[in-house]
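Colleague: Those letters in the sequence shown? Residues 21 to 614, per our numbering, in order.
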Amino acid sequence: MRIADYIIDYIYKNGTDTIFTLAGGGAMFLNDAVACHKKMKYVCNHHEQASAMAAEAYAKTNQGIGAVMVTSGPGSTNAITGLLEAWQNSIPVIFISSQAKKSQMTHFSGLPIRQFGIQELDIIPIVRPLTKYADYVEKPEEIRFKIEKAYQEMLSGRPGPVWLDIPPDVASQSIDPEKLPGFVDKKTPNSLPKISTREIGLVINLLNRARKPIIIAGGGIKLAKAVSEFRALVNILKIPVVVPEMGIDLLENNHPCYAGHGGTKGDRAGNIVIQNSDLILAIGSRLSVSFTGHEFDKYAPRSVKIVIDVDEKEHQKKTVKINHLIISDAKYFIEEMIKNKQKLIDNKNVWLKKCQIIKNKYGLYLPKIKDKNGEISMYHIVDTISKLSRPGDFFITDAGVTAYIAVQTLKFKKNQRMIIPGATLTMGYNLPAILGVWAANKNARIICITGDGSLQMNIHELGTIAYHKIPAKIFVINNHGYLAIRTTQKNFFQSRLIGEGSGSGVYLPSSQKIAQAYGYKYVRIKNYKELSKIKQVMKEKSAVICEVFSPYWQDVLTVSSKKMPDGKMVSLPIDDMYPFLPEEEMKQIRQSLK
Numbered sequence: 021m022r023i024a025d026y027i028i029d030y031i032y033k034n035g036t037d038t039i040f041t042l043a044g045g046g047a048m049f050l051n052d053a054v055a056c057h058k059k060m061k062y063v064c065n066h067h068e069q070a071s072a073m074a075a076e077a078y079a080k081t082n083q084g085i086g087a088v089m090v091t092s093g094p095g096s097t098n099a100i101t102g103l104l105e106a107w108q109n110s111i112p113v114i115f116i117s118s119q120a121k122k123s124q125m126t127h128f129s130g131l132p133i134r135q136f137g138i139q140e141l142d143i144i145p146i147v148r149p150l151t152k153y154a155d156y157v158e159k160p161e162e163i164r165f166k167i168e169k170a171y172q173e174m175l176s177g178r179p180g181p182v183w184l185d186i187p188p189d190v191a192s193q194s195i196d197p198e199k200l201p202g203f204v205d206k207k208t209p210n211s212l213p214k215i216s217t218r219e220i221g222l223v224i225n226l227l228n229r230a231r232k233p234i235i236i237a238g239g240g241i242k243l244a245k246a247v248s249e250f251r252a253l254v255n256i257l258k259i260p261v262v263v264p265e266m267g268i269d270l271l272e273n274n275h276p277c278y279a280g281h282g283g284t285k286g287d288r289a290g291n292i293v294i295q296n297s298d299l300i301l302a303i304g305s306r307l308s309v310s311f312t313g314h315e316f317d318k319y320a321p322r323s324v325k326i327v328i329d330v331d332e333k334e335h336q337k338k339t340v341k342i343n344h345l346i347i348s349d350a351k352y353f354i355e356e357m358i359k360n361k362q363k364l365i366d367n368k369n370v371w372l373k374k375c376q377i378i379k380n381k382y383g384l385y386l387p388k389i390k391d392k393n394g395e396i397s398m399y400h401i402v403d404t405i406s407k408l409s410r411p412g413d414f415f416i417t418d419a420g421v422t423a424y425i426a427v428q429t430l431k432f433k434k435n436q437r438m439i440i441p442g443a444t445l446t447m448g449y450n451l452p453a454i455l456g457v458w459a460a461n462k463n464a465r466i467i468c469i470t471g472d473g474s475l476q477m478n479i480h481e482l483g484t485i486a487y488h489k490i491p492a493k494i495f496v497i498n499n500h501g502y503l504a505i506r507t508t509q510k511n512f513f514q515s516r517l518i519g520e521g522s523g524s525g526v527y528l529p530s531s532q533k534i535a536q537a538y539g540y541k542y543v544r545i546k547n548y549k550e551l552s553k554i555k556q557v558m559k560e561k562s563a564v565i566c567e568v569f570s571p572y573w574q575d576v577l578t579v580s581s582k583k584m585p586d587g588k589m590v591s592l593p594i595d596d597m598y599p600f601l602p603e604e605e606m607k608q609i610r611q612s613l614k
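In structure tokens, the structure reads:
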């Protein structure tokens, strides 16, 4: 067995049935190993960035491990943005890169030179800060040890990506894996920190004493593979649940405990509930700045804050003050809480009903329609898509105003999923993510909501989607370029515009011609009267690009600052969102939740 064959077989036997790749000369033995494997499937992208993003989306979709195979030099560096996504979102992805011949690698030359072999680059020092483990495979006898170690590191504790760099003259050599040393370590993938009996007692005591407790349900619940257990705990506790972006699909919107989506680009209801709570139980959330806002002392100022997380260092940041930090695997914590359910007091019904009223009134922001013949607010576009979706659908979006509004407006139904770039807010994530979701779940209906600017970032993957005949519904919101940048330049630089649209240096080609070039059906929606076309788009059996025209300017629900009468700018708590509610209404809201 060649080392290249061993690697591909090892990846397959550890639960990954699809590799994302772009064939390259340096990777010729690795490429051939994929071709020779009888069960491993592969997706050939047009750019290594897309391969990495697709693999990350694949791992998110099936809660498994993504796999990327790239060639040397620029093939490896092209994958780094996708590596960053896996790193910051804690997604297990294995990256396999090829090299120049070992004798022509700068790493082994001992010389401070920039390049030795053809298309050669010493990639490991570049990717090491973004991985849990990164190493060279220098000798044939190292491969079993290093790939086993890579998998161990990838899955232990807080998950994340790993990277192995393999020169072709090593990848081509024959081995007997059974005769090679394996990796032996006291740690196992399940060696996660666990909450103590004393800490469980503390959490239960604080929950029972609280009048207005809430749960913040983070993406760590999904990483811990504890979604069903979490839902069971929610049904026991019967207290409001607020979600950040990475946990947005943990509960359907009509669940009686779902109270909203928090954060600087969350919804008003979720932030109101956070600010008026007296206890926060955050499970699997790092409480990112995008979730808490920048005014840390104003975040839920009257709440006792309990955080359950595996990464202690994340909570050493000088942001929100945490009263009780408990380092524990989310699944183990949830299971222990369920075991102790008889100790929990069920007396939060009045508070829960008040939060339901807030959710029903402030959970969906829809601007008033001024002209039915005019361009359509993105909020109405996404609301229409959401209403026409069905249980089990997968939504994909990436960055910018389109993504903000999509996440704010979609109302999740049973078993719907949201696949987003999360921490990185990467433009161009959408099309590669379609490939990753499809590879992990061939039967899923995939609905992509992106902007005309983001579409350009990895536009070549329209070809890969077409090749595999994936019937994705791709909604392209035409807001004439980069609306988020345009808005920033308007608000902070007296509308001195640069790089935001056709009037300031950005050329965006016709979406209709793009659709025709790649063989997609094309639908255009230009005003409110034509929104009914979305119903037919959702029924299409093949891939379709639906371009919806949105205004050049679009207000976005956001945590902001307010200019006082004396001209001073004051940062606001997260529940006081722009467009601002009247002060009297805000007072009434806070009074109703006392």
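All C-beta atoms in this analysis are idealised placements derived from N, C-alpha and C, irrespective of residue type, glycine included.
Computed from a prediction, not measured in an experiment: that's the story for all the values here.
Please state the DSSP three-state secondary structure of P233.
Modeller: It is a strand residue.
Colleague: Let me know if V568 comes out buried or exposed under the rule of 16 or more other beta-carbons within 10 Å of its beta-carbon.
Modeller: It counts as buried.
Colleague: Ends of the beta strand (DSSP E) at C64?
Modeller: Note, C64: beta strand (DSSP E), 61-64.
Colleague: When the distance is taken between beta carbons, is E105 closer than 9 angstroms to M125?
Modeller: No, they are not a contact pair.
Colleague: Which parts of the region 155-187 are runs of the alpha helix (DSSP H), unbroken and 4 residues or longer, counting only runs that do not cross its ends?
Modeller: Runs of the alpha helix (DSSP H) inside the region 155-187: 163-175.
Colleague: Can you tell me which of the three DSSP states H344 falls into?
Modeller: Reduced to three states, the DSSP call for H344 is strand.
Colleague: Using 8 angstroms as the cut-off, can you tell me whether the region 263-272 makes contact with the region 363-378, which would need three or more C-beta pairs spanning the two stretches below that distance?
Modeller: In short, these stretches do not touch, since the Cβ pair count stays below three.
Colleague: Taking contact to mean 3 or more Cβ pairs, one atom from each stretch, closer than 8 angstroms, check whether the region 300-312 and the region 468-487 are in contact.
Modeller: The region 300-312, when compared against the region 468-487, does not touch it at the 8 angstroms Cβ threshold.
Colleague: Output the boundary residues of the alpha helix (DSSP H) element that contains R610.
Modeller: Here the alpha helix (DSSP H) through R610 covers 603-612.
Colleague: Hey, would you say R506 sits closer than 9 angstroms to Y548, going by beta carbons?
Modeller: No, they are not a contact pair.
Colleague: I think M60 touches I39, with their Cβ atoms under 8 angstroms apart; what is that distance to the nearest whole Å?
Modeller: Rounded, the Cβ-Cβ distance is 6 angstroms, consistent with contact.
Colleague: What number of angstroms, rounded off, separates the C-alpha of S71 from the C-alpha of L445?
Modeller: Each residue's Cα considered, the two are about 17 angstroms apart.
Colleague: Compute the distance between the beta-carbons of L475 and N511, then report whether it is under 9 angstroms.
Modeller: Taking 9 angstroms as the Cβ cut-off, L475 and N511 do not qualify as a contacting pair.
Colleague: Can you give me the Cβ contacts of G483 inside the same chain, cut-off strictly under 8 angstroms, excluding the 5 residues immediately before and after it?
Modeller: The answer, listed in chain order, is H66, Y538.
Colleague: Once you ignore the five residues that flank L528 on each side, which residues in its own chain have a CB closer than 6 angstroms to its CB?
Modeller: Only D472 meet the Cβ criterion.
Colleague: Pick helix, strand or coil for G280, following the three-state DSSP scheme.
Modeller: Strand, per DSSP.
Colleague: Please return the same chain residues whose Cβ sits closer than 6 angstroms to the Cβ of Y26, not counting the five positions on each side in sequence.
Modeller: P197, listed in sequence order.
Colleague: Figure out for me which residue from F513, S530, D189 has the closest Cα to the Cα of H500.
Modeller: Checked all of F513, S530, D189; the closest Cα to H500 is S530.
Colleague: Where does the unbroken beta strand (DSSP E) through V543 begin, and where does it stop?
Modeller: Per DSSP, V543 belongs to the beta strand (DSSP E) from 541-545.
Colleague: Just the C-alpha distance for Y30 and K374, rounded to the nearest angstrom, thanks.
Modeller: Their Cα atoms are separated by approximately 53 angstroms.
Colleague: How many Å lie between K553 and I545 at the Cα?
Modeller: If you take the alpha carbons of K553 and I545, they lie about 7 angstroms apart.
Colleague: Buried or exposed: where does F600 fall if 16 or more other Cβ atoms within 10 Å of its Cβ makes it buried?
Modeller: With fewer than 16 Cβ atoms within 10 Å of its Cβ, F600 is classed as exposed.
Colleague: Which residues does DSSP list as the beta-bridge partners of L301?
Modeller: Beta-bridge pairing links L301 to I235, I326.
Colleague: In this structure, does DSSP put V568 in helix, strand or coil?
Modeller: V568: strand per DSSP, three-state reduction.
Colleague: Could you check what DSSP says for V370 in three-state terms: helix, strand or coil?
Modeller: Three-state result, V370: helix.
Colleague: Check whether the Cβ atoms of I186 and I116 sit closer than 9 angstroms, and answer yes or no.
Modeller: Yes, Cβ-Cβ distance for I186 and I116 is below 9 angstroms.
Colleague: Given G442, which residues of its chain have a CB within under 8 angstroms of its CB, disregarding the five upstream and five downstream residues?
Modeller: If we look at G442 and ignore the five residues flanking it on each side, its Cβ neighbours are E105, Q108, N109, G239, E265, M266.
Colleague: Assuming the contact rule is C-beta atoms closer than 8 angstroms, A191 and S96 should be a hit. Round their C-beta distance to whole Å, please.
Modeller: Not a contact, Cβ separation roughly 15 angstroms.
Colleague: State the start and end residues of the unbroken beta strand (DSSP E) segment that holds N1.
Modeller: Beyond the ends of the chain as shown, which are 21 and 614, falls residue 1; an answer cannot be given.
Colleague: For the region 383-430, list the alpha helix (DSSP H) runs that are entirely contained and at least 4 residues long, ordered along the chain.
Modeller: Runs of the alpha helix (DSSP H) inside the region 383-430: 398-408, 420-429.
Colleague: Pairs of beta-carbons, one from the region 555-566 and one from the region 485-495, closer than 8 angstroms: are there three or more?
Modeller: In short, these stretches touch, since the Cβ pair count reaches three.
Colleague: Could you check the C-alpha separation between A79 and G456 for me, to the nearest Å?
Modeller: Those two C-alpha atoms are separated by around 8 angstroms.
Colleague: Just list the residues that DSSP pairs S194 with in beta bridges.
Modeller: R22, per the DSSP bridge assignment.
Colleague: Give the C-beta separation of A246 and A350 to the nearest angstrom, bearing in mind that I take them to be a contact with Cβ-Cβ under 8 angstroms.
Modeller: Their Cβ separation, rounded to whole angstroms, is 5 angstroms, which keeps A246 and A350 in contact under 8 angstroms.
Colleague: Which class does R437 belong to by DSSP, given the choice of helix, strand or coil?
Modeller: Residue state, collapsed to three classes: strand.
Colleague: With contact counted as at least three CB pairs below 8 angstroms, one residue from each stretch, are the region 574-591 and the region 513-527 in contact?
Modeller: Not touching, per the Cβ criterion.
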